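Take 1 as the starting number for the sequence shown in the working numbering and just add one per residue. Ideal Cβ positions, reconstructed from N, Cα and C, are used throughout, including at glycine. The model shown is predicted, which means the values in this text are computed figures rather than measured ones.
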Amino acid sequence: MLKNHNNQFVAAAALAMLLFVQLGVETRSLDLVGLKGTVTNGTRPEPTAVVWLEVPEAAPHPQQTKVMHQRNLTFTPHVLAIQTGTTVDFPNEDSVFHNVFSFKEGKPFDLGIYPVGATKRVTFKVSGVTRLFCNIHPGMSAYIVAVDSPYYSAVNDDGRFTIAAVPPGTYKYHAWKPGRDIMNGTVNVQQGATLNVTWK
Ligand SMILES: [Cu+2]
C-alpha cells in the first residue's frame with residue numbers, strides 16, 4: 001500500500017518535473033538575446049580576434065562539426081572559433097596537395113600529405129589556440145580557437161561580432177588576438193547591449 005502511494009507520488013513528481021522543464025526551456029528560449037560588439041586595436045578595427053563569455057560550469061561538449069577549408073592556397077576562415085569538443089573537418093578543396101599541421105600551442109597534429117577532394121578531421125578536446133600551417137606552402141596559416149563556452153564569436157573583417165542566443169545576465173568576457181594578452185572584463189548581456197573591446 002505504502003509502495004503504491006510512493007509510486008503515485010513519484011509519477012506525479014516526474015510529471016511535474018517534466019512540465020517544469022518544458023516550460024523552463026520555452027521561457028528561456030524566448031528570452032535569449034544576441035550580444036553585438038566590436039574589437040579594435042588602437043583606433044583600427046581588429047579583424048583577427050575571438051570573443052567569448054565565461055560560463056560558470058563547463059558546458060557539455062557539443063557533438064558538432066565545423067570546417068576549415070583549403071582553397072587557393074588559403075585557409076578559410078583565417079580564424080575559426082569553436083566550442084571545446086568540436087570536430088573540425090579539413091577538406092582539401094584546392095587544385096594541389098596540402099599537408100595541414102600544428103605544433104606547440106593548442107592541439108599538435110600532422111594530417112600528412114593529402115590530395116584534392118580528401119577530408120581529414122581533428123577533434124579539439126582541450127581549450128586553447130592552435131596555429132595551423134601547411135608543410136608544403138609556407139604562406140598558409142590560420143588559427144583555431146577552442147573555448148569552454150557555447151557563447152563565442154570570431155570577428156569579421158570589420159572587427160564586428162555577434163554572440164547569438166545568450167541567456168541575459170552578467171558574464172565575464174574574454175577576448176583573444178594573436179600576440180597580445182587576453183582581454184578580460186564584465187558585460188551585462190541584455191536586449192540591445194553591446195560590447196566593445198580595445199587593445200591599446
Ligand atoms: Cu598547402
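Residue i, enclosing beta strand (DSSP E) - first and last residue
i           : result
residue 153 : 152–154
residue 89  : 87–91
residue 174 : 169–176
residue 98  : Premise fails: residue 98 is in no beta strand (DSSP E) and is neither H nor E.
residue 69  : 69–71
residue 75  : 74–76
residue 49  : That residue, residue 49, is in no beta strand (DSSP E); it is neither H nor E in DSSP.
residue 135 : Note, residue 135: premise wrong, no beta strand (DSSP E); not H, not E.
residue 189 : 183–189
residue 164 : 160–166
residue 145 : 141–147
residue 201 : Nothing about residue 201 can be reported from this structure: the residues present for the chain run from 1 to 200 only.
beta-carbon residue i near ligand 1 non-hydrogen atom, thresh 7 Å
i           : result
residue 182 : no
residue 73  : yes
residue 140 : yes
residue 69  : no
residue 229 : Residue 229 falls outside the range modelled here, since the chain spans only 1 to 200, and no answer is possible.
residue 144 : no
residue 156 : no
residue 188 : no
residue 174 : no
residue 163 : no
residue 137 : yes
residue 99  : yes
Coil, strand or helix - residue i by DSSP
i           : result
residue 110 : strand
residue 26  : Low local confidence applies: a pLDDT of 48 at residue 26 is under 50, so the model's placement there is unreliable, and no value is given.
residue 196 : strand
residue 180 : coil
Presumed contact (8 Å Cβ cut-off) between residue i and residue j, rounded CB distance
i           : j           : result
residue 144 : residue 106 : 7 Å
residue 53  : residue 149 : 6 Å
Minimum Cβ-Cβ distance from residue i to chain D less than 8 Å
i           : result
residue 118 : The structure shown contains no chain D; it holds only a single protein chain.
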